Every structure is written in structure tokens, then in C-alpha cells.
Amino acid sequence: MANHFYQDTEPFLAALANEVTVTFNLGNHDMLDVAEADIETLDFKTYALNPSTTLLAFHGWYDYGFSEEMAGADYVAFKNRFWFDRRLKRPLTDPELTKEICQTLEKTLAALSDQTLIVAMHFVPHSIFTLKHPKVKAFNAFLGSPAFHDIFRRYGVKEVVFGHNHKRFSPQTIDGVTYQSRPLGYTKEWQLTRAFIQKNPPTTIRGNWTPNKAYHAIKDLATFKAYQTEHLATELRDAMIIFDIDDERTIP
Numbered sequence: 014m015a016n017h018f019y020q021d022t023e024p025f026l027a028a029l030a031n032e033v034t035v036t037f038n039l040g041n042h043d044m045l046d047v048a049e050a051d052i053e054t055l056d057f058k059t060y061a062l063n064p065s066t067t068l069l070a071f072h073g074w075y076d077y078g079f080s081e082e083m084a085g086a087d088y089v090a091f092k093n094r095f096w097f098d099r100r101l102k103r104p105l106t107d108p109e110l111t112k113e114i115c116q117t118l119e120k121t122l123a124a125l126s127d128q129t130l131i132v133a134m135h136f137v138p139h140s141i142f143t144l145k146h147p148k149v150k151a152f153n154a155f156l157g158s159p160a161f162h163d164i165f166r167r168y169g170v171k172e173v174v175f176g177h178n179h180k181r182f183s184p185q186t187i188d189g190v191t192y193q194s195r196p197l198g199y200t201k202e203w204q205l206t207r208a209f210i211q212k213n214p215p216t217t218i219r220g221n222w223t224p225n226k227a228y229h230a231i232k233d234l235a236t237f238k239a240y241q242t243e244h245l246a247t248e249l250r251d252a253m254i255i256f257d258i259d260d261e262r263t264i265p
């Protein structure tokens, strides 16, 4: 959503709630400047979708379990050098936080055992969705935890929606749990942005070409703004996941 929850996100959600029912959970960027008590208050929210179906929204966190690149203390040093979350003031270590979150998740799922659940979380719940390029594999440490999938599997959760890694995946079912991730992401990551760049390769880039450089070369062009306006609705639809609650099918 935004780096400043109280200043930017909360007013936006309030305005959006005038039009539709709004639920949300916090990602790491959303937690900037948010008191830990508020982070906890906004966590593990349930919403009845019909008498037998409940949406469970929780934040999640990470415990370095998706990476084998270094030792535990080295992850902390790496995080404090390169990762956004060094700016967050959380009360426990990352593994300790994740352990507490997993304990709460188990208690919550046990209490909802008579419900069909749709789980929405921010962080990554399975290693299949982690980063594969050797240059960025160390950052998998901060994506999520394999403990989440183990809990979902044991408690019979069938549908999980997540984000965090800014990559859209087709639905994948693992051990009976169907995972979907269709994040909107930053404008530079949008499909319409990539399509525009492919059709209109920028000629002003100096040095090595990168997607980030390409985006900054075209982002202020009138032609790109017009293209964005034309294709924005399609981009937003592609980032949606729609559930048919009556028969529990997902509409592609």
C-alpha cells in the first residue's frame, strides 16, 4: 500500500470503504512508523463471507528459512545493510516473531475448523515462489517462511492469497493448498510498462540497459501516459483474484 500507513494508506482505505467492503493486512513497507501495538491489533482479522466461508487476513513475517546462503547472524548484518526492514522497530528477532505468528495462526485456524477458509497474507508461504537468480537469492531470507505452508497443509487450508515478491504467478496447488499471487506492484513492474518499452525502446539510456533505467527513461513521456491511461483497467483486472463464494470456484 504505502510506506506511511497513518498518513497515506489509512485515508485511502477510508475513502475506498465508501464504495466497497475493504479488508487488508500489512506488509513490511506498510509497517513503517506504525506502533507495534497497532501492527498486532490489525493482525489476524476474520471476515464472514457467508455462513460457512471466512476470510482470514494476517500479515506474516520471515525467519530466513527460504535461504541457505549464510548463517543467522550474517542475515541480520545483511538485512541491516541492504533491506528496507532495517527501518522497522520490531520487538523480537525475525525468527522469534515468526514463531509467535505461527503459534497464533495455529490457534486461529483451530478455532475456525468448521469454516471453509480463504487466507490472505502478505509474505511468501512456500519456497516455490522465491527468487531464483543467483545474484538475489540471499534476499529470499526476508520473503517469508516454509512454516506457513506446513501449517496450512496440516489444518486443511485450501486457498491462500499472498504478495510481497512483486511477481504474478498462475495458481499453483501444493499438498492440497492452492496459492495465488497477483500483486499490482510498482508502476515500473506493470505488464503495460513492459509492453510499452518493448514497442518503444528508449534510446537515451547510458551504460548498461536495465528495466529500472528503461522505466525512468519513459515514465514522463506523454505517449507513455496516454498508453497507461488506455491500458490501466486491464492491468488492474489482471492483478485481481476473484472467488465465487457460492460454489468456491476461482474465476480466472
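For the sequence shown, the residue numbers in our numbering are 14 to 265. Cβ coordinates follow ideal geometry from the N, Cα and C atoms, glycine included. Since we're looking at a predicted model, the values are computed, not measured.
Reference residue 171; option with closest CA among 181, 193, 33, 154: Shortest Cα-Cα distance from residue 171 to any of 181, 193, 33, 154 involves 193.
query: Can you give the beta carbon distance from residue 254 to residue 174, rounded, assuming they're within the 8 Å contact cut?
result: Confirmed, Cβ separation roughly 6 Å.
- prompt: Are residue 162 and residue 190 touching if we call contact CB-CB under 8 Å?
  reply: Result yes, Cβ atoms of residue 162 and residue 190 sit closer than 8 Å.
- prompt: Whose C-beta lies closer than 7 Å to the C-beta of residue 17 among residues of the same chain, with five residues either side of it excluded?
  reply: Taken in chain order, the residues that qualify are 45, 46.
query: Less than 8 Å separating the beta-carbons of residue 134 and residue 72?
result: Result yes, Cβ atoms of residue 134 and residue 72 sit closer than 8 Å.
Whether residue 91 touches residue 142 by CB criterion (8 Å): Contact flag unset, no.
field: Element boundaries [alpha helix (DSSP H), containing residue 12]
entry: It is not possible to answer for residue 12, since the shown part of the chain is limited to 14 through 265.
Residue 215 - DSSP class collapsed to helix/strand/coil: Secondary structure at residue 215: coil, using DSSP grouped into helix, strand and coil.
- prompt: According to DSSP, is residue 235 helix, strand or coil?
  reply: Residue 235 carries a helical assignment under DSSP once its states are collapsed to helix, strand and coil.
field: Beta-bridge partners of residue 185, as assigned by DSSP
entry: In the DSSP output, where bridge partners are listed per residue, residue 185 has 192.
message: Please report the straight-line C-alpha distance between residue 238 and residue 248, rounded to a whole angstrom.
response: If you take the alpha carbons of residue 238 and residue 248, they lie about 14 Å apart.
- request: At 3 residues or longer, and completely inside the region 54–108: list those beta strand (DSSP E) runs for me, N to C.
  value: List check, beta strand (DSSP E) in window: 58–63, 66–71.
field: Where the alpha helix (DSSP H) through residue 136 begins and ends
entry: Here residue 136 belongs to no alpha helix (DSSP H), and DSSP marks it neither H nor E.
query: Under the three-state reduction of DSSP, which class applies to residue 32: helix, strand or coil?
result: Residue 32 falls in the coil class under three-state DSSP.
query: Tell me which same chain residues have a C-beta within less than 7 Å of the C-beta of residue 215, skipping the five on either side of it?
result: Hits under 7 Å: 227, 230, 231.
task: Return the residue from the list 55, 208, 103 that minimises the CA-CA distance to residue 224.
output: Per the Cα distances, 208.
- prompt: Do residue 36 and residue 58 have their C-beta atoms within less than 8 Å of each other?
  reply: In this structure, residue 58 lies closer than 8 Å to residue 36 by Cβ.
- prompt: Mapping DSSP to helix, strand and coil, what is residue 21?
  reply: DSSP places residue 21 in helix when its eight states are reduced to three.
message: For residue 256, report the span of its beta strand (DSSP E) as first-last.
response: Judged by DSSP secondary structure, residue 256 falls within the beta strand (DSSP E) whose first and last residues are 255–257.
task: Within the same chain, show all residues whose beta-carbon is closer than 8 Å to that of residue 125, passing over the 5 residues directly before and after it, in chain order.
output: Result list for residue 125: 59, 67, 69, in chain order.
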